[in-house]
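Here the structure comes first, spelled out in C-alpha cells, and everything after it is commentary.
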Amino acid sequence: MEFVNFAPATYFSLVEACHSKKMNNLHRLCLLLSLSLLLISVQSAELVPENESRTAYAVFDENNEEFVIVNHEPPRDKYVAGAKFTNSINQTGWANFEVWTNGNFPDTMQSKAAGFLEGYLTHELIYFSYLNTLQDYCQGRDGYCSKLRTFLSTNTKWVNKMYKKLRGKSPFWHQVGLFYEQMEGMATGWEKAAVNTGHSMGSYGFLWFNIFGDMEEFEQMFAPQQLNKDWRINKIGRRHMVASCSALIKVLPETSDIYTSHVTWNGYESMIRILKKYSLEVHQTADEDSALIPGHSMSFSSYPGLLYSGDDFTVISSGLVSMETTIGNNNEELFKYIKPTGQILEGVRSMVANRLASTGKEWTDVFGRHNSGTYNNQWMIVDYKLFKPGKPLRDGLFWVLEQLPTLIESRDMTDVLRSKSFWPSYNSPYFPTIFNLSGTPALVEKYGDWFTYDKTPRALIFNRDQSKVNDMDSMIKMMRYNDYRNDPLSRCDKCDPKYSGENAISARNDLNPANGTYPFHALSHRSHGATDCKVTSHQLMSSLDFIAVGGPTYDSLPAFRWSESDFTNLSHIGHPDLWKFQPVQTKWTV
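If you use our numbering, the sequence shown corresponds to residues 43 to 632, in order.
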C-alpha cells in the first residue's frame, strides 16, 4: 500500500523521528508504524487526492497585504495568477504543475503569486523531497555549512543590490530579481500550507533546493577534507564521478524531424518529480511598457521546490530547447575564482537565459554573464524556429556552450548535425580548451579511456546505435538503453565481475554486485542511475509538449523496487515502491 498524497502533522513528526540517526536499526519498523498511524490521523492541510487535480487562484488582499487562495476562478481583473496541480506519481511516475499569471499586474507581483501557488499546492511533495534529500545535509558538517551560509548570504545581498539598482533598465537584472521574487513567493506559499504542521525547512531551505547543482563546487571549496577526491559524493541526490546525465540530438532521415532528448542520472532518493509549465506575462524590464519576454512560457522536467528544471531539459515559447549534461571541474586551482560577489549561481542564469533569449547565440551570451563557475555543464540549445522539415539545416540552429570557473566557450555546432546527423552528450567536455583546463587529462592518465571524449562507453554506444533511431519509439529505446551484462561496450576490464550498469545510456548502478570490486566509485553498486527520459520533436515543441518516462530503465532489466533493494534505509518518503511506468505526453491546460 502506498501513501503519497497525505501529510498530517502527526505523520510528519514520526517521519522526522524515524530518520534520526538514533533509529537506524528500527528504521523500517518505524516507517511502518508512521504509515499506519497516518490512516487514523485527522489533522492535515488542504491536500490534493491521488491522481486528481486541483486548480487554485492567487488574489492579493490589499488590507492584509498578502495573497489568499481562491478555489474558483475569479474575474480576470481580480486574480494575479492561477495554477493547476495533479499528483499522479503512483500512476505515471510524475506529478504535474502549471501556473499562469495575469499581465495586468506588476511583474514582481506576478512572480510572487506564481511562486506562492506552487509552494502552496505542492507543499507536500516539497516536504517529502526535503526529507529525502536535504534534511541531513549539514549533519556533522557544521563548519562547512557555516561557510556555505556566509557565502550564500553575501551573494544574495549583492544580487539584491544590483537588482534594485538596474531592474529599470537592464532586462538581465530584472529577470534575475524576478527569479528571487518567485522563490520568496514559493516559500510564503509553502509556509501558509504547512502552518498547522509545525514543520520548517530552515531559512535557506528553498535557496538550497535551487542551488543543488552548485553544491559540488561548494563542497570542494569549503570541505575538501570530507570528500574522497576521486569519488566526489555529495548528500543531496547527485553523486558525481563525472557521470550524471545523457543527451542526444538526432536528425531523422531526409531531415524529416529533429528529436531532442535528455536522460537524468541522479540518486534514487531524488525521484519525486514534477513536470512543470510556467506562463508568466512579465516584461523585459521593470518598465511596464517594455516588451514581454520571448520565453514567457516554458515547460520542463523538474523537482519539488525548484524554479527551473535542474536536469536540465526545458522547452521554451521562443522556439528554443535548452538542456545540459554535467562536465564538472577537476582542477582545484580554479576554485579560488568562485566568489560571492560579481557572480550569479548557475540555475538563476539558466532561467534568465531561457526567458530572454530568442536565438541560440543570444542564449549563450545571456548565460555567460556573471559566470559563477559552479554546476559546470555542457549546454545544448536547439532553435526549432530555424528547422524546416525536408530542408537543409540553417546556421544557428544548434549551439553548444561549456562552462568552467573563469571560462565559457560556445560555438554554433550546426555543421556537426549536418555531417553526422546527431550530437551526443555524456558528461565529457567537447572543446579541447575546456577539456584540458578542467583537469580531465589527469583522470584519463589515471583511469584510462572512460574519461576521454571519444572512447568512453557512452560515446561508443551512441555512435554505434544512433542510426537505429527513425521514430519516437526507437528514440526512447535508444535513450533508455542498458544491456550492461551483454554489450561489449559496457565491459569493465578492471571490474569484478567484468561489467558495470554505469556503462550505458541509462545507468542502473543498483544492479551492480555489492560485493564486486571497481576501479572507482562511479562504476560500483550504489543507489544511482538514470531516473527518467524526456524527448521532444518539431511538432511536440510547437505546443511546448514533450514525452517523459519516470524512473530507472527496465526495458531489458528488472524494474527497480524499493522493498526488494538493499537501499531501503535511504529516505524515500512519497515514492511508489515499484518504478515501472510507461511514457506519458504532457497535456497543458494553458
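Glycine is no exception: its CB is placed at the ideal position from the N, C-alpha and C atoms.
With contacts defined by Cβ atoms closer than 8 Å, Glu451 and Phe473 form a contacting pair. When C-beta atoms of the region 392–400 are compared with those of the region 202–218, three or more pairs fall below 8 Å, so the two segments count as touching. In this structure, Gly558 lies near Pro539, with their beta-carbon atoms less than 8 Å apart. A straight-line Cα-Cα distance of about 45 Å links Gln133 and Thr383. For Asn197, the enclosing alpha helix (DSSP H) begins and ends at 184–208.
Counted as a single uninterrupted DSSP element, the alpha helix (DSSP H) harbouring Leu398 occupies residues 388–398. Secondary structure within the region 478–521: not one fully enclosed beta strand (DSSP E) run of 3 or more consecutive residues is present. Per DSSP, the continuous alpha helix (DSSP H) segment holding Tyr172 begins and ends at 165–175.
A residue is called buried when at least 16 other Cβ atoms come within 10 angstroms of its Cβ; Asp353 meets this threshold and is buried. DSSP places Arg460 outside any beta strand (DSSP E); the residue lies instead in the alpha helix (DSSP H), whose first and last residues are 456–462. Bridge partners of Thr578 according to DSSP: Thr302. If you draw a straight line from the Cα of Val408 to the Cα of Tyr417, it comes to about 16 Å. Annotated as proximal: Glu258 and Gly370, with beta-carbon spacing under 8 Å. DSSP, reduced to helix, strand and coil, places Met583 within a helical segment of the structure shown. Cβ contact annotation for Ser584 (same chain, cutoff 8 Å, sequence separation greater than five): Tyr426, in chain order. Membership of Leu290 in the beta strand (DSSP E) is indicated by the continuous run 288–293.
Taking all protein chains shown into account, Gln181 has fewer than 16 neighbouring C-beta atoms within 10 Å of its C-beta and is therefore exposed. Counting along the chain, Met257 sits inside no beta strand (DSSP E); it lies in the alpha helix (DSSP H) bounded by residues 257–264. With contacts defined as CB atoms closer than 8 Å, Thr368 and Ala289 fail to qualify as a contacting pair.
Burial state of Glu160 is buried, judged by a 10 Å Cβ sphere holding 16 or more other Cβ atoms.
Straight across, the Cα-Cα distance linking Thr175 with Leu502 is about 33 Å.
Our two residues, Leu362 and Phe440, have alpha carbons roughly 10 Å apart in a direct line. Phe139 and Pro594 have their C-alpha atoms roughly 22 Å apart. Nearest C-alpha to Asn144 among Ala137, Ala156, Gly135, Trp136: Ala156. Secondary structure note for Phe355: it is in no alpha helix (DSSP H), and the uninterrupted beta strand (DSSP E) holding it is 355–358.
Where Gly247 is concerned, the enclosing alpha helix (DSSP H) starts and stops at 247–251. A direct Cα-to-Cα measurement between Lys319 and Lys381 gives close to 32 Å. The residues Val284, Ser470, Thr482, Leu485, Val486, in chain order, have a CB closer than 8 Å to that of Phe493 in the same chain once the five nearest residues on each side in sequence are set aside. Here Glu606 carries a helix assignment [DSSP, helix/strand/coil]. For Met340, the beta-bridge partners assigned by DSSP are Tyr320, Ile358. With a cut-off of 8 Å on Cβ pairs, the region 333–345 is not in contact with the region 224–236, counting fewer than three such pairs. Taking 8 Å as the upper bound for CB-CB distance, Val112 and Ala123 are not in contact here, some 11 Å apart. Excluding its 5 nearest sequence neighbours in each direction, Ala333 has C-beta neighbours in its own chain below 8 Å: His325, Gln326, listed in chain order. The three-state reading of DSSP puts Tyr179 in coil, since its state is none of H, G, I, E or B. For the pair Glu104 and Val110, the Cα-to-Cα distance works out to about 10 Å. Contact between Val626 and Ala590 holds, with the beta-carbon distance rounding to 6 Å and staying under 8 Å.
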